[in-house]
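Working notes, structure below.
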Amino acid sequence: MAGHSKWANIKHRKAAQDAKRGKIFTKLIREITVSAREGGADADSNPRLRAAIDKALSNNMKRDTVDTAIKRGAGELDGDNVEEITYEGYGPSGVAVMVECMSDNRNRTVAEVRFAFSKCNGNLGTDGSVAFMFNKRGVLSFAATEEEPAPEEDALMEAALEAGAEDVLVNDDGSFDVYTTPADFGAVLDAMRAAGFNPVNAEVTQVPDNYSAVDEDTAKQVVKLIDMLEDSDDVQNVYHNAELPESAWD
């Protein structure tokens, strides 16, 4: 079935994020540290940590840096005491937005998040105001690259289902998204790689139940909101349900 391509927007985000590499590393280190603190330092038994490590390594983080973050989270090294906070709200034209943060100063973080919403014709909501519109899932995206063509549809679907994936979506742009439970993400990723299918992006993320079509002006405002939120050192991830055209990232 056709779907809303995760990769279509991620590839534009990645290009912009390259200019913020240091800030991205800081956020990835925080995620690894907190994942190890909450679920233990063994990636094989801690799916969240495994996903964080995979994301860090795919962003060319050195293994030594990853290992240090794990040790800090496990209490073997001193580290900052940060807490996880999720904010919910509505962006331009009522687009649902979830903002995952890690912070050592809740007042500073909520002020920065509220300011971003207000500057982009949105408003911060209450807990639970939009969370019911999203589900946490693992997503592996496959698409044509400069190095290799897009995978063959039947072969990829067969490999994904054998690996234990929940669903496979074939998108209008020719890309594929393989969906898993958060717990099965690592095992499915390993199985797909072993079968010769290397994703262009793999992450555990919040997937909206439905996407909301927006006009180009609204789409650009949503992108501005995402950029403002992600500029905050305390913001780890921003999720939304807007169906953004490629022109929104220009």
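Position in the sequence shown (first residue = 1) + 10 = the numbering used here.
Each residue gets a CB set at the ideal place from its N, CA and C atoms; glycine is no exception.
Small disclaimer: the values here were computed from a predicted structure and weren't measured.
query, result
"Taking the alpha-carbon of V248 as reference, which of E158, A258, D137, V123 has the nearest alpha-carbon?", "V123"
"Span of the beta strand (DSSP E) holding A106?", "106-113"
"I'd like to know whether the C-beta atoms of M71 and Q246 end up nearer to each other than 7 Å.", "no"
"Between which two residues does the alpha helix (DSSP H) harbouring G83 extend?", "73-83"
"Could you have a look at E172 and say whether DSSP puts it in helix, strand or coil?", "helix"
"Return the bridge partner residues of F142 from the DSSP annotation.", "According to DSSP, which records beta bridges pairwise, F142 is partnered with nothing at all."
"I need the boundaries of the beta strand (DSSP E) containing A186, first residue and last residue.", "Looking at the sequence shown, residue 186 is not Ala but Phe. Start and end: 186-190."
"Could you tell me the distance, in whole angstroms, from the CA atom of A201 to the CA atom of T191?", "14 Å"
"Taking 7 Å as the threshold (C-beta atoms), are A79 and M238 in contact?", "no"
"If we call anything under 7 Å between Cβ atoms a contact, is Y221 one with E256?", "no"
"Taking the straight line between their C-alpha atoms, what separation do you get for D244 and E48?", "18 Å"
"Is it true that the CB of V188 sits closer than 7 Å to the CB of V178?", "yes"
"Report the partner residues of N247 according to the DSSP bridge assignment.", "E110"
"Return the first residue and the last residue of the beta strand (DSSP E) that L179 is part of.", "177-180"
"Between F195 and A61, is the Cβ-Cβ spacing less than 7 Å?", "yes"
"Given a threshold of 16 other Cβ atoms within 10 Å of its Cβ, counted over all protein chains shown, does N251 qualify as buried or as exposed?", "buried"
"Starting from P57 and walking both ways along the beta strand (DSSP E), at which residues does that stretch end?", "It is not in any beta strand (DSSP E) - P57 instead sits in the alpha helix (DSSP H) that spans 57-68."
"Say whether chain D places a C-beta atom closer than 7 Å to the C-beta of N220.", "Of the protein chains in the structure, only one exists, and it is not chain D."
"Can you look up M11 in the DSSP assignment and give me helix, strand or coil?", "Here the model assigns M11 a pLDDT of 39, short of 50, so the residue's position is not dependable and the matter cannot be decided."
"According to DSSP, is E226 helix, strand or coil?", "helix"
"Give me the residue from A160, P102, L87 with the minimum Cα distance to A223.", "P102"
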